[in-house]
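For reference, each letter of the sequence shown is one residue, going 1 to 220 in this note's numbering.
By construction, the Cβ of each residue, glycine as well, lies at the ideal position given by its N, Cα and C atoms.
Worksheet for the structure shown next.
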Amino acid sequence: MRVSVVIPVFNGEAYLAEAIESVLGQTRLPDEILIVDDGSTDSSAIIAESYSIATVLRQANTGHLAARNLGIRSASGELVAMLDADDRALPTRLALQVAAFENQPELAVCYGQATHFWSPEHDPGAPLPYPKPLASPSNTLMARRRTFDQVGFFDVGWNHAGQAEWMLRVQEAGLPTLVLGQVLAERRLHPHSLSARGAAESREEHLRLVKLNLDRKRKR
Numbered sequence: 001m002r003v004s005v006v007i008p009v010f011n012g013e014a015y016l017a018e019a020i021e022s023v024l025g026q027t028r029l030p031d032e033i034l035i036v037d038d039g040s041t042d043s044s045a046i047i048a049e050s051y052s053i054a055t056v057l058r059q060a061n062t063g064h065l066a067a068r069n070l071g072i073r074s075a076s077g078e079l080v081a082m083l084d085a086d087d088r089a090l091p092t093r094l095a096l097q098v099a100a101f102e103n104q105p106e107l108a109v110c111y112g113q114a115t116h117f118w119s120p121e122h123d124p125g126a127p128l129p130y131p132k133p134l135a136s137p138s139n140t141l142m143a144r145r146r147t148f149d150q151v152g153f154f155d156v157g158w159n160h161a162g163q164a165e166w167m168l169r170v171q172e173a174g175l176p177t178l179v180l181g182q183v184l185a186e187r188r189l190h191p192h193s194l195s196a197r198g199a200a201e202s203r204e205e206h207l208r209l210v211k212l213n214l215d216r217k218r219k220r
């Protein structure tokens with residue numbers, strides 16, 4: 001099965017190389033790496049282009065979900081895996097997920113667990129807010145490319161809840177989803193991350209998504 005990895009990046013020069021190297025260190029290498037530069041003003045694009053194995057796509061700064069969508073539309077793989085530019089995939093991530101899709105031909109979406117770590121330059125010396133692995137579709141998502149044709153791409157009207165909204169559409173369509181128990185990725189904690197910069201907005205969006213989901217169910 002052909003696998004494409006999509007890495008969206010916006011001003012991620014500090015961490016992008018680590019993310020790419022984590023993909024190149026997989027026990028099951030991807031067939032394609034697509035790095036989508038979301039209008040970065042730092043050296044992210046230069047770093048991306050230094051990896052000849054990767055295809056670098058560019059767009060005006062329209063957000064991480066639009067960048068993901070561009071990567072997915074450009075992907076040639078039957079399976080598409082997501083990785084944020086400030087996170088790291090563990091070495092067996094792709095192998096475990098590809099095996100799941102090979103064993104379950106009807107499977108549409110697969111994700112797994114992620115651990116968290118303080119980025120060394122921003123380590124406050126405090127305990128991690130999430131000391132145990134958590135199910136994390138945001139940075140361990142793998143889906144069949146056709147799933148996006150079936151339920152649509154990420155809705156760029158969302159900022160923080162876009163993936164959760166997409167997962168609701170997958171659920172509503174009755175498409176099989178598998179959550180692996182293994183840790184597949186490491187999520188970096190730092191003050192410049194999207195989640196750290198918009199905690200209040202994230203809560204508001206997820207509450208709005210809950211209301212939207214309830215409204216959808218009432219209308220059925």
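Simplified DSSP assignment, three categories, for residue i
i, result
"I46", "helix"
"R2", "coil"
"T177", "strand"
"F117", "strand"
"A85", "coil"
"R188", "strand"
"L90", "coil"
"L79", "strand"
"A196", "The predicted position of A196 is uncertain, since its pLDDT is 47 and thus under 50; no value can be drawn from it."
Residue of the options minimising C-alpha distance to residue i
i, options, result
"D37", "M1, A48 and A135", "A48"
"N159", "V3, S44, G63 and Y51", "G63"
"N61", "V170, V156 and S138", "V156"
"L178", "G162, F153, F101 and F148", "F101"
"I20", "V98, Q104, Q182 and A85", "A85"
"W118", "D87, L175, Q163 and S40", "D87"
"Q104", "V183, L29, L175 and R68", "L175"
"S80", "N139, Q182, A164 and G181", "The sequence shown places Val at residue 80, not Ser. When only C-alpha atoms are compared, the closest one is N139."
"A66", "R93, S50, I7 and I53", "I7"
Outcome for residue i when other beta-carbon atoms lying within 10 angstroms are tallied against a minimum of 16
i, result
"S22", "buried"
"V151", "buried"
"L134", "exposed"
"A196", "Because the pLDDT of A196 is 47, which lies under 50, any placement of that residue in the model is unreliable, and the number read from its coordinates should be weighed accordingly. Burial call: exposed."
"P120", "exposed"
"A95", "exposed"
"R146", "exposed"
C-beta neighbour in chain C for residue i, strict 8 Å
i, result
"I47", "This model lacks chain C altogether, as it is built from one protein chain only."
Distance cut-off 7 Å: residue i Cβ against heavy atoms of the ligand NAP
i, result
"A95", "Here there are no bound small molecules, and the ligand NAP is not part of this structure."
field: the stretch 50-63 in contact with the stretch 15-35 per 3-pair CB rule at 8 Å
entry: yes
Touch test, the stretch 10-18 against the stretch 70-83, Cβ-Cβ under 8 Å, three pairs minimum: no
Secondary structure, beta strand (DSSP E): runs of 3+ residues fully inside the stretch 132-181: 142-144
- prompt: Counting only runs that start and end within the stretch 14-70, where is the beta strand (DSSP E) found for 3 or more residues in a row?
  reply: Segments of the beta strand (DSSP E) lying fully in the stretch 14-70: 32-38 and 54-59.
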